[in-house]
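For reference, the structure discussed in these notes is given below.
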Amino acid sequence: MNLSIPAKLANYIGGSLQAPIDGNYLDNINPATGEVYCQIPDSNTKDVLEAIGAAKAAFPLWSTTTLEDRFKILNKIAELIDANMDALAIAETNDNGKPLWLSSRVDIPRASANFRFFATGIMHFSTEAHNMEDKAINYTLRQPIGVVGCISPWNLPLYLFTWKIAPALAAGNCVIAKPSEVTPATAYLLSHICREAGLPAGVLNIVHGTGQNCGSVIVSHKDIKAISFTGSTRAGKEIAAVAAPMFKKMSLELGGKNPNIIFADCDWDKMMRTTLQSSFSNQGQICLCGSRILIEESIYEKFKNEFIARAKKLTVGDPLDDNSKQGAVVSKLHYEKILACIELAKQEGGKILLGGKAIQLTGRCENGYFIEPTIIEGLGPDCRTNIEEIFGPVVTLQSFVNEEEALMLANYSDYGLSATIWTQDITKANRIAATVQSGIIWINCWLIRDLRTPFGGFKNSGVGREGGWDALRFFTEPKNVCIEL
Ligand code: NAD
């Protein structure tokens with residue numbers, strides 16, 4: 001299979017690759033160079049309606065396809081992703097700006113892992129029975145919902161796109177999926193892979209376009225019975241406002257402003273190494289990054305000095321260069337937003353300890369969107385810099401005197417996605433883990449992901465959980481059947 005990016009990407013509807021019905025396109029820009037390198041369909045209601053028609057037609061057969069046959073096709077998709085690793089990784093990097101080594105080692109392997117995990121998972125999915133002794137027995141059927149919508153963001157493009165699509169398909173649903181219009185390339189390549197793998201026409205439909213013209217049609221259409229969305233809290237609110245009165249099932253994975261809580265009794269070297277990653281990996285554009293670093297007062301100065309020294313060494317450069325630890329941020333718009341957030345931090349009285357500026361590279365990347373890893377101190381918990389998600393290579397430092405203050409600062413957020421705790425006192429770590437208002441807690445580590453665990457946030461970080469049985473339960477409708485004995 002020859003996976004290359006054409007001048008114009010196409011929608012994948014009813015098993016075929018199609019131009020948008022009205023012929024409108026959006027420019028797709030490589031953020032490392034600032035150049036338009038292809039165009040993507042600016043799909044609208046007409047394209048989405050066609051996709052829904054195809055999905056409805058495919059549903060009766062797909063929902064009754066045996067689990068073993070579903071397994072075989074989804075597993076084949078996983079194999080083809082692995083076999084086309086290089087083409088997918090370069091497409092991801094050109095679209096997103098992340099280093100190629102990161103796309104190859106993390107993003108694309110995780111996309112095939114998602115398909116493999118849910119392909120095998122559905123073979124083991126079982127349902128409950130409730131026995132009322134000599135009176136009756138209840139058993140639960142978990143049936144596919146029908147046509148479902150999956151909408152994903154730009155930061156981990158194929159990784160998060162497949163994290164939704166794989167369980168939806170495994171559970172027997174037909175899917176209308178929309179990748180981010182900022183990073184559509186690997187979703188387009190996935191269309192080819194699905195065709196090659198023998199996924200029947202209409203089971204998965206990938207429609208490209210904006211949230212306004214395309215995503216909103218998916219959310220509001222009456223025949224789409226469930227919405228799985230990952231993205232900003234702002235868009236999540238808009239989606240919930242439309243989908244909730246229609247009583248659609250919703251899984252919303254939204255923003256974060258995660259605390260990284262560091263106690264004096266931590267394993268220093270491991271903490272330093274990991275904190276560098278949890279602060280700046282993927283240019284800080286991971287919803288799980290620890291953007292608020294909370295440090296016990298007695299080690300604050302030591303931490304600050306060593307952290308600055310280590311972050312200074314992170315090479316920001318061409319994402320195609322193996323030596324670049326950091327690549328470009330995803331778009332001009334996002335680059336300007338991050339720089340504006342840094343300006344705001346200064347106005348709020350923050351002291352820039354490192355970075356704070358755009359980087360002008362030379363050569364191929366001279367017009368790309370690069371920002372220095374940035375460390376800020378001197379801001380309290382209630383300033384905008386510590387409240388609002390920046391989603392870039394920017395962290396703040398705050399000190400605490402004791403566990404109580406650490407918890408107060410950690411929970412001083414409307415978000416509640418993840419938290420990291422660094423201490424060798426496991427009793428203290430467990431106590432804090434139980435009290436921090438976040439859906440995902442890492443003790444003495446970060447971003448270790450077991451795909452069976454519940455994934456999602458508290459508060460404004462979302463509603464519902466993805467992963468493991470949670471995802472398969474989300475994408476099925478339970479039905480209780482009672483038999484009197
Ligand atoms: P975004 O909300 O702007 O867009 C996400 C997707 O939703 C895109 O495909 C977009 O086109 C679409 N969209 C936007 N408005 C819509 C609407 N009204 N109706 C339907 N679709 C709509 O988010 P983004 O900028 O692409 O991604 C960054 C955000 O995603 C950050 O806030 C980050 O924290 C969050 N995120 C969360 C998780 C998680 O698991 N909780 C994971 C990754 C990213």
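Each residue of the sequence shown is one higher than the one before, starting from 1 at the first, in this note's numbering.
Note that the Cβ used here is the ideal one computed from N, Cα and C, for glycine as well.
Collapsed DSSP secondary structure at residue i in the structure displayed
i: H130; result: strand
i: P157; result: helix
i: N480; result: strand
i: S493; result: Outside the displayed range of the chain (1 to 485) lies residue 493, so it cannot be described from this structure.
i: W446; result: coil
i: I530; result: Absent from the structure is residue 530, since the part of the chain shown begins at 1 and ends at 485.
i: C194; result: helix
i: I330; result: Residue identity differs from the one stated: residue 330 is Val in this sequence, not Ile. Coil, per DSSP.
i: Q437; result: coil
i: Y139; result: strand
i: K351; result: strand
i: A51; result: helix
i: Y369; result: coil
i: V395; result: strand
i: Q18; result: strand
i: D267; result: coil
i: N205; result: strand
i: R116; result: helix
Within 8 Å, strictly: CB atoms of residue i and residue j
i: E404; j: I432; result: no
i: A170; j: L61; result: no
i: I108; j: E92; result: yes
i: N173; j: I13; result: no
i: S413; j: I440; result: no
i: K270; j: I218; result: no
i: C194; j: I77; result: yes
i: L494; j: P319; result: Coverage of the chain is limited to positions 1 through 485, which leaves residue 494 absent and any answer about it impossible.
i: F263; j: W422; result: yes
i: E372; j: I359; result: yes
Residue from the options with nearest C-alpha to residue i
i: G53; options: H334, G146 and M272; result: G146
i: E301; options: C383, L353 and A235; result: L353
i: S126; options: D470, L485, A235 and G327; result: D470
i: K346; options: S331, T374, C365 and V330; result: T374
i: E348; options: C365, D318, P381 and G355; result: P381
i: P167; options: L156, H208 and R116; result: R116
i: F391; options: A340, N480 and I421; result: A340
i: N213; options: S251, K46 and A197; result: K46
Residue environment, residue i, which counts as buried when at least 16 other CB atoms sit within 10 Å
i: P153; result: buried
i: I448; result: exposed
i: A57; result: exposed
i: T183; result: buried
i: E181; result: buried
i: V36; result: exposed
i: S298; result: exposed
i: D267; result: exposed
i: E466; result: buried
i: Q424; result: exposed
i: G487; result: Limits of the chain in this structure are 1 at one end and 485 at the other, which puts residue 487 out of reach.
i: V330; result: buried
i: M250; result: buried
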